[in-house]
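Residue numbers (my numbering), protein chains in the order written: chain A, 49 to 254; chain B, 49 to 254. A short write-up of the structure that comes next.
Protein chains: 2
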Amino acid sequence: MKKALFLLLAPLMAFAACQSKCPENVKTTQEAKMSAEEAILTRLSVRSFKEGAEIPQNVLTDILKAGMAAPSAMDRRPWSFVVITQKERLKALAAAHPHAKMLLSASAAIIPLATVDLSQPGMEKAFWIQDMSAVTENILLSAHSKGLGAVWVGVYSVDERVKAISEFLELPAGTVPFSIIPLGYPAGQGEPKDKFDESRIHWEKF
Amino acid sequence: MKKALFLLLAPLMAFAACQSKCPENVKTTQEAKMSAEEAILTRLSVRSFKEGAEIPQNVLTDILKAGMAAPSAMDRRPWSFVVITQKERLKALAAAHPHAKMLLSASAAIIPLATVDLSQPGMEKAFWIQDMSAVTENILLSAHSKGLGAVWVGVYSVDERVKAISEFLELPAGTVPFSIIPLGYPAGQGEPKDKFDESRIHWEKF
Numbered sequence: 049m050k051k052a053l054f055l056l057l058a059p060l061m062a063f064a065a066c067q068s069k070c071p072e073n074v075k076t077t078q079e080a081k082m083s084a085e086e087a088i089l090t091r092l093s094v095r096s097f098k099e100g101a102e103i104p105q106n107v108l109t110d111i112l113k114a115g116m117a118a119p120s121a122m123d124r125r126p127w128s129f130v131v132i133t134q135k136e137r138l139k140a141l142a143a144a145h146p147h148a149k150m151l152l153s154a155s156a157a158i159i160p161l162a163t164v165d166l167s168q169p170g171m172e173k174a175f176w177i178q179d180m181s182a183v184t185e186n187i188l189l190s191a192h193s194k195g196l197g198a199v200w201v202g203v204y205s206v207d208e209r210v211k212a213i214s215e216f217l218e219l220p221a222g223t224v225p226f227s228i229i230p231l232g233y234p235a236g237q238g239e240p241k242d243k244f245d246e247s248r249i250h251w252e253k254f
Numbered sequence: 049m050k051k052a053l054f055l056l057l058a059p060l061m062a063f064a065a066c067q068s069k070c071p072e073n074v075k076t077t078q079e080a081k082m083s084a085e086e087a088i089l090t091r092l093s094v095r096s097f098k099e100g101a102e103i104p105q106n107v108l109t110d111i112l113k114a115g116m117a118a119p120s121a122m123d124r125r126p127w128s129f130v131v132i133t134q135k136e137r138l139k140a141l142a143a144a145h146p147h148a149k150m151l152l153s154a155s156a157a158i159i160p161l162a163t164v165d166l167s168q169p170g171m172e173k174a175f176w177i178q179d180m181s182a183v184t185e186n187i188l189l190s191a192h193s194k195g196l197g198a199v200w201v202g203v204y205s206v207d208e209r210v211k212a213i214s215e216f217l218e219l220p221a222g223t224v225p226f227s228i229i230p231l232g233y234p235a236g237q238g239e240p241k242d243k244f245d246e247s248r249i250h251w252e253k254f
């Protein structure tokens, strides 16, 4: 009787597992046809994800490729990345940041790191934050255009956060965790904000 | 004889004028179909533009709309914009920055401004630079997807540049010129850099 029940339920269970595990909605770079304008205007912060789903590694690599296509002052490219997909590591990362509970349901997290000589004055100091921000924005747009949800969790320049995440990742001195980007399949249907405000535009002079 | 020559040449001259003045390549948001991935991966710094060309005001407004769609920490939206299209003003702006000669051939320039209380410690101070960087990147991607060329000219946090541009724009205290984005029709065909470097990716741990 038990066996019969199992045989009856097995296909249903397999289907249910696939529903949560299989990335039926995720698109590769080749498949992702969302226009740049649509991606920019409809991107939104996603903080709740379908639990247990996985993001294929080639999709994560493509998202990192978008990150590395960011502009960089004097072509310095100060970036590297840690990608976390293991459930236990995501949980531990969530515990290391005061506002990262969304990592508990995320399928992955990208942590863009900057390698900079923070003691150096002048140009390098002035622009690496801007490079890393463009990297983060590219990653958010790329993920959104592929059907994934993501959110920009701030790390730098809040000292306690930089310290906690550096310790968690065992980073060498001079390598700074810049932000955390939880990634996953959105659990709900969010509404992007319309932030256009014509009064912020000054034609020809302020 | 002079009049006959003029009648003969007028249509040719009108055609030539249109060739340089009419934005035959620019696309509105509705027309721009470049995918987000393509825009991110093929965006490049354009520093040489077709002189005398104009960018329709609705296209500039759509590019600013993309800028204002940037993520913003705690939804502060610290941004506003000056848009310059007058030739004389572009020339004067070029003279106010040590690396902005490309403005001499540009059709327009967008200067994203941040309104922040720079004396305030903590969160606001930590994240407005990142907000403004995401704004700048969105503007670059939007312009590229519409067939325009653009480049990120750094202003903040180089003190002399901030001072010179603030004076040029007659900005009140607390309003900071963040970057300058010259815009125009690319004079040549540039090659985007392939900056993907797999060795920068660390799976699970650094």
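Where is the CB? At the ideal position from N, CA and C, for every residue including glycine. Note that the structure is predicted; figures quoted are calculated from it, not measured.
| query | Just how far apart, CA to CA, sit B:His192 and A:Lys98? | reply | 34 Å
| request: Anything in the segment 74-98 of chain A with a Cβ closer than 8 Å to a Cβ of chain B? List those residues in chain order, please. | output: Thr77, Ala80, Lys81, Met82, Ser83, Ala84, Glu85, Glu86, Ala87, Ile88, Leu89, Arg91, Ser93
| query | Sorted by chain position, which residues of the same chain lie with C-beta nearer than 8 Å to A:Tyr204's C-beta, five sequence neighbours on each side aside? | reply | Cβ within range, chain order: Ala162, Ile177, Met180, Val210, Val224, Pro225, Phe226, Ser227.
| query | Can a CB atom of chain B be found closer than 9 Å to the CB of A:Met150? | reply | no
| Within chain A, partners of B:Ile132 - CB distance below 9 Å | Scanning chain A for C-beta atoms nearer than 9 Å to the C-beta of B:Ile132 yields Trp251, Glu252, Lys253, reported in chain order.
| Any 3 or more C-beta pairs closer than 8 Å across the segment 150-160 of chain A and the segment 231-245 of chain A | yes
| query | Where does the unbroken alpha helix (DSSP H) through A:Leu138 begin, and where does it stop? | reply | 135-143
| said: Does any residue of chain A have a CB that is nearer than 9 Å to the CB of B:Lys113? | reply: Chain A contact via Cβ: present.
| request: Using a Cβ cut-off of 8 Å, pull out every chain A residue sitting near B:Arg124, in sequence order please. | output: Near B:Arg124 there are no residues of chain A at all, since even the closest Cβ is about 11 Å away, more than 8 Å.
| query | Does the beta-carbon of B:Pro220 have 16 or more other beta-carbons within 10 angstroms, so that it is buried, or is it exposed? | reply | Here B:Pro220 is exposed, its C-beta having fewer than 16 other C-beta atoms within 10 Å.
| message | Just to confirm the assignment: which complete alpha helix (DSSP H) runs, minimum length 4, are found wholly within the segment 190-252 of chain B? | response | 207-217
| Cβ-based burial, A:Gly197 [other Cβ within 10 Å; buried from 16] | buried
| Whole-angstrom distance between A:Gly115 and A:Asn186, CA atom to CA atom | 5 Å
| query | How big is the Cα-Cα spacing for A:Gly236 and A:Met82? | reply | 19 Å
| DSSP state of A:Ser283, grouped into three classes? | Outside the modelled stretch of chain A, which goes from 49 to 254, sits residue 283 of chain A, for which no answer is possible.
| To which residues does DSSP link B:Phe97 through a beta bridge? | B:Pro234
| message | Quick check on the burial criterion: 16 or more other C-beta atoms within 10 angstroms. Buried or exposed for A:Trp251? | response | exposed
| Between which two residues does the beta strand (DSSP E) containing B:Ile88 stretch? | Element bounds for B:Ile88: not the beta strand (DSSP E) but the alpha helix (DSSP H), 84-90.
| said: Can you pull the chain A neighbours of B:Leu219, defined as C-beta to C-beta under 9 Å? | reply: Those are Phe254, listed as they occur along chain A.
| query | Any idea if B:His145 is buried or exposed, counting beta-carbon neighbours within 10 angstroms, 16 or more meaning buried? | reply | buried
| task | Step through the CB atoms of chain B and report whether any lies within less than 9 Å of the CB of A:Pro146. | result | Judged by the 9 Å Cβ criterion, A:Pro146 is not in contact with chain B.
| Which chain A residues are close to B:Leu188, counting only those with a beta carbon under 9 Å from its beta carbon? | Pro119, Ala182
| query | Of the residues A:Glu79, A:Ile213, A:Lys241, which one's Cα is nearest the Cα of A:Lys139? | reply | A:Ile213
| Status (buried if at least 16 other CB within 10 Å, exposed otherwise) for B:Pro119 | buried
| task | Take the Cβ of A:Lys113 as the centre, count every other Cβ of all protein chains shown within 10 Å, and call the residue buried at 16 or more, exposed below. | result | buried
| query | With burial defined as no fewer than 16 other Cβ atoms inside 10 Å of the residue's Cβ, what is the status of B:Pro104: buried or exposed? | reply | exposed
| task | Could you have a look at A:Ala162 and say whether DSSP puts it in helix, strand or coil? | result | A:Ala162 carries a strand assignment under DSSP once its states are collapsed to helix, strand and coil.
| request: Under 8 Å by Cβ, that's how I've got B:Ala117 and A:Lys243 pegged, so tell me the actual separation to the nearest angstrom. | output: Going by Cβ atoms, the distance from B:Ala117 to A:Lys243 rounds to 6 Å, so yes, they are a contact pair.
| message | Buried or exposed, going by whether 16 or more other CB atoms sit within 10 Å of the CB of B:Gly202? | response | buried
| Since B:Lys243 meets chain A, which of its residues come closer than 7 Å, beta carbon to beta carbon? | Met116, Ala117, Arg125
| query | Under 9 Å between C-beta atoms, does B:Ala174 make it to chain A? | reply | yes
| Are the C-beta atoms of A:Ser155 and some chain B residue less than 9 Å apart? | no
| said: Counting only beta-carbon separations shorter than 9 Å, does B:Gln178 have a partner in chain A? | reply: Yes, contact with chain A.
| According to DSSP, is A:Ser181 helix, strand or coil? | Note: A:Ser181 maps to helix in three-state DSSP.
| said: With a threshold of 9 Å between beta-carbons, can A:Pro240 be considered close to chain B, or not? | reply: Residue-level contact by beta carbon holds for A:Pro240 and chain B, with a gap shorter than 9 Å.
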